[in-house]
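Encoded as structure tokens, the structure appears first; notes follow it.
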Amino acid sequence: MSLSKARLREAKDLVLSCVGRLGIYAGTYRYRYQCWTRDLAYSVDALLNLGQDKAVKTHLLNIANKQTKSGKVPIVFIENKLGFIRIHLQDLIRNRRGVIKQIKMSRGKIGFWNSFRILSLNFENISPLFTCDNGNKIVS
Numbered sequence: 127m128s129l130s131k132a133r134l135r136e137a138k139d140l141v142l143s144c145v146g147r148l149g150i151y152a153g154t155y156r157y158r159y160q161c162w163t164r165d166l167a168y169s170v171d172a173l174l175n176l177g178q179d180k181a182v183k184t185h186l187l188n189i190a191n192k193q194t195k196s197g198k199v200p201i202v203f204i205e206n207k208l209g210f211i212r213i214h215l216q217d218l219i220r221n222r223r224g225v226i227k228q229i230k231m232s233r234g235k236i237g238f239w240n241s242f243r244i245l246s247l248n249f250e251n252i253s254p255l256f257t258c259d260n261g262n263k264i265v266s
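Each position in the sequence shown, counted from 1, maps to that position plus 126 in my numbering.
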């Protein structure tokens, strides 16, 4: 079964609308400004096929910068805290515990354990992003 050109364009536009300044958002509205490691891992192939190498690399570098001394990487980080709060203000009133849990995850208080395992599934796809044409590793 093949996708129509219009449906394929919609899918591409949806993926591209999740590309943020510091990483890949988990969604276009509710998860806007939330850069989830799991969602990046699931979307690496699509992002690379759409020429979003720089966005993938930026997200990975942000994960690396938030890595703990023990090697754990965060499940999620928030790109824009004010934007996140604006979107979730109603949720904060209705479901305070859920929003507080998301904030704790973004600060690395909980939820590190599975991110590295999920991200490691894509090492083969993402390792070229950190290698020069001559084979030397890029340090940045």
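Ideal Cβ positions, reconstructed from N, Cα and C, are used throughout, including at glycine.
Everything numeric in this text was worked out from a predicted model, so none of it was measured.
Problem - Cα-Cα separation between Ser130 and Arg212, rounded to whole angstroms - result: 36 Å
Exercise for the section: State the DSSP-derived secondary structure class of Val202, mapped to helix, strand or coil. Expected result: strand
Problem - Residue of Gly149, Leu176, Pro254, Ala132 minimising C-alpha distance to Ile84 - result: Because residue 84 is not part of the residues shown, which for the chain are 127 to 266, the question remains open.
Exercise for the section: Let me know if Ala152 comes out buried or exposed under the rule of 16 or more other beta-carbons within 10 Å of its beta-carbon. Expected result: buried
Exercise for the section: To the nearest angstrom, report how far apart Gln216 and Asp165 are at their CA atoms. Expected result: 24 Å
Handout entry: Cβ contact (3+ pairs, closer than 8 Å) linking the stretch 133 to 145 and the stretch 195 to 214
Key = no
Handout entry: Residue(s) in a DSSP beta bridge with Ile150
Key = Val145
Exercise for the section: Return helix, strand or coil for Gln193, following the three-state DSSP convention. Expected result: coil
Exercise for the section: Under 8 Å by Cβ, that's how I've got Gly146 and Tyr159 pegged, so tell me the actual separation to the nearest angstrom. Expected result: 7 Å
Exercise for the section: Go ahead and pull the three-state DSSP assignment for Gln270. Expected result: No answer is possible for residue 270: the residues shown for the chain start at 127 and end at 266.
Practice task
Report the option in His214, Ile226, Phe203 whose CA atom is closest to the CA atom of Thr163.
Solution key: Phe203
Exercise for the section: Kindly identify the DSSP beta-bridge partner or partners of Gln160. Expected result: Ile204
Handout entry: Integer Cβ distance of Cys161 from Glu205, believed to fall under 8 Å
Key = 6 Å
Exercise for the section: Specify the secondary structure class of Gly177 as computed by DSSP and reduced to three states. Expected result: coil
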